[in-house]
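*Asks:* Take a look at this one; I'll ask things after.
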Amino acid sequence: MRDLSELREEIDQIDRKLVELYQARMQITSEVAAYKIAHERPVFDRDREISKLETLSAYGSTPFHKQGIRELFEQIMSISRKRQYQLLNESGRGEQMDYTQIAAHDYQGARIVYQGMEGAYAQQALQEYFGEYAGNSYHVETWRDAMEAIGNGEADYAVLPIENSSAGIISENYDLLTEYDNCIVGEQIIKVDHALLGLPGACLSDITDVYSHPQALMQCSRYLETNKKWERHSLKNTAVAARKVQEKADVHRAAIASGLTAEIYGLKVLDTAIQNNRTNATRFIIVAKGHVFTPDASKISLSFEVAHETGSLYHMLSHFIYNGLNLNHIESRPVQGKTWEYRFFVDFEGNLGDAAVLNALRGLKEEALCVQILGNY
343 MRDLSELREE
353 IDQIDRKLVE
363 LYQARMQITS
373 EVAAYKIAHE
383 RPVFDRDREI
393 SKLETLSAYG
403 STPFHKQGIR
413 ELFEQIMSIS
423 RKRQYQLLNE
433 SGRGEQMDYT
443 QIAAHDYQGA
453 RIVYQGMEGA
463 YAQQALQEYF
473 GEYAGNSYHV
483 ETWRDAMEAI
493 GNGEADYAVL
503 PIENSSAGII
513 SENYDLLTEY
523 DNCIVGEQII
533 KVDHALLGLP
543 GACLSDITDV
553 YSHPQALMQC
563 SRYLETNKKW
573 ERHSLKNTAV
583 AARKVQEKAD
593 VHRAAIASGL
603 TAEIYGLKVL
613 DTAIQNNRTN
623 ATRFIIVAKG
633 HVFTPDASKI
643 SLSFEVAHET
653 GSLYHMLSHF
663 IYNGLNLNHI
673 ESRPVQGKTW
683 EYRFFVDFEG
693 NLGDAAVLNA
703 LRGLKEEALC
713 VQILGNY
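Heads up: the sequence shown begins at 343 in the numbering used here, then just goes up one per residue.
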């Protein structure tokens, strides 16, 4: 048996040769890119890559080696494509977008729509985000109605919840972002403190029925479990639940909503901070029709679909890795009409004016089935 140090020395020698060969291959990659730029050829040639991977893996002497060779060259080809995309952008044939950079958003006189009623958490998010420009706002019945209002020009901005720190994503609004050609221009995170609200003369011992939005019921599940006799009822939002309790004038009914909502609808706070997570927060997005971004925008949201095959998601995520972009959120949603196929939503740090971002987008658009930029804010 040979000594470990001897074996490691031999591996080091092989690795140095591999590095030399890798750099020689990448030099030829640059020449390939120059040819493709001159002849307006696409970087990604799926059929050639599949054929080459099959040929190379066949050289393996065992099933383990065959798979390892395939994985190795998938990485090498992926890195090669990233280099070609970089050269493509440097040549002036970079990614073209339908987004326009503006100096700043103008909120003066803006018409702002939110889903729910007066006192809803969306209204609170609206007031915190728009500040002195929040006065010209109104509410609609559904999130879809809010997106429609933006699309047909009835409103300039819509405020929609997208994620809660306890209950997770608002899946319907993720789907609406891909359905409508609107874009995210901002976000507002608000701390959510849920209270149990009843009629002025009610006591906790009177309650038999609790009303709220499904997300709020989920966020207060532990509290509700300690009162098993209470029947839970889902409504469109917390403010609607508060108004229902007010209108029914029944001491047996209570709503989960904010303390501010209690003041609006003349209700009594029966219990406070009943949510599971005391640091519970909801992220709201601000949506507009125009595809615009500002120089100081630092977060990009987009969605993409990939082929339903091994490694497809991994290769998409590599565009963020190789371009040094920090991916800070990823979700998936089923694609309508395609069983067990998914659309992925990602948030990452960057600006649509950055070269690294443009390079990543170029690669994604060439290799994914479809890509939709949802906003830069």
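Glycine included, C-beta positions come from ideal geometry on N, C-alpha and C. Since we're looking at a predicted model, the values are computed, not measured.
1) How long is the line joining the alpha carbons of residue 516 and residue 584, rounded to whole angstroms?
2) Using 8 Å for Cβ pairs, my map puts residue 666 next to residue 698. What's the rounded Cβ distance?
3) Is the region 502-522 touching the region 613-630 in the sense that three or more CB pairs, one from each, lie closer than 8 Å?
4) Could you spell out the range, first to last residue, of the beta strand (DSSP E) harbouring residue 540?
5) Take residue 541 and list the residues in its own chain whose beta-carbon comes closer than 6 Å to its own, dropping the five residues that flank it on each side.
6) Taking the alpha carbon of residue 382 as the reference point, which residue from 427, 551, 347 and 356 has its own alpha carbon closest?
7) May I ask you to verify whether the region 592-610 touches the region 467-485, counting CB pairs closer than 8 Å and requiring at least 3?
8) What residues in its chain sit with their C-beta under 6 Å from that of residue 503, if we drop five residues either side in the sequence?
9) Jot down the residue ranges of each uninterrupted alpha helix (DSSP H) in the region 440-524, minimum 4 residues, whole runs only, in chain order.
10) Out of 366, 361, 420 and 431, which has the shortest C-alpha to C-alpha gap to residue 376?
11) Just curious, the alpha helix (DSSP H) that residue 389 is in, first and last residue?
12) CA-CA distance, residue 564 and residue 577?
13) Excluding the 5 residues flanking residue 611 on each side, which residues of the same chain have their C-beta closer than 7 Å to its C-beta?
14) Taking three-plus beta-carbon pairs below 8 Å as touching, is the region 442-460 in contact with the region 471-491?
15) Excluding sequence positions up to five away, which residues of its chain have a Cβ less than 8 Å from the Cβ of residue 587?
16) Any chance the region 705-719 sits against the region 640-649, with 3 or more Cβ pairs inside 8 Å?
17) Taking only three categories from DSSP, how would you classify residue 431?
18) Taking residue 522 as the reference, give the member of 487, 689, 378 and 686 with the closest Cα.
19) Taking one C-beta from the region 673-689 and one from the region 349-357 each time, how about it: are there three or more such pairs within less than 8 Å?
20) Contact check, residue 661 vs residue 706 under 8 Å by CB: the rounded distance?
21) Along the chain, where does the beta strand (DSSP E) that runs through residue 314 open and close?
22) Which same chain residues, not among the five before or five after residue 632, have their C-beta less than 6 Å away from its C-beta?
23) Let me know if residue 370 comes out buried or exposed under the rule of 16 or more other beta-carbons within 10 Å of its beta-carbon.
24) Compute the Euclidean distance between the alpha carbons of residue 421 and residue 664, then round it to the nearest angstrom.
25) Only counting the same chain, and skipping five residues up and downstream in sequence, which positions put a Cβ closer than 8 Å to that of residue 299?
26) State the Cα-Cα distance for the pair residue 561 and residue 404, rounded to the nearest angstrom.
27) In whole angstroms, what separates the C-alpha of residue 446 from that of residue 493?
28) Which one of 434, 684, 535 and 396 has the shortest CA to CA distance from residue 655?
29) Please classify residue 550: is it buried, with 16 or more other beta-carbons within 10 angstroms of its beta-carbon, or exposed?
*Replies:* So, to answer that:
1) 27 Å
2) Right, their Cβ atoms sit about 6 Å apart.
3) yes
4) 537-540
5) Taken in chain order, the residues that qualify are 593.
6) Comparing Cα positions, the closest option is 427.
7) no
8) 512, 624 and 626
9) 463-472, 485-493 and 513-521
10) 431
11) 388-399
12) In a straight line, the C-alpha of residue 564 is about 19 Å away from that of residue 577.
13) 537, 539, 601 and 604
14) yes
15) 539, 540, 541, 553, 595, 596, 597, 607 and 609, listed in sequence order.
16) yes
17) helix
18) Minimum Cα distance to residue 522 is reached at 487.
19) no
20) 5 Å
21) Nothing can be reported for residue 314, as the shown portion of the chain is limited to 343 through 719.
22) none
23) exposed
24) 8 Å
25) The requested residue 299 does not occur in the structure, where the chain is confined to residues 343 to 719.
26) Distance between the alpha carbons of residue 561 and residue 404: 53 Å.
27) CA-to-CA, the gap between residue 446 and residue 493 works out to about 21 Å.
28) 684
29) Classification for residue 550: exposed.
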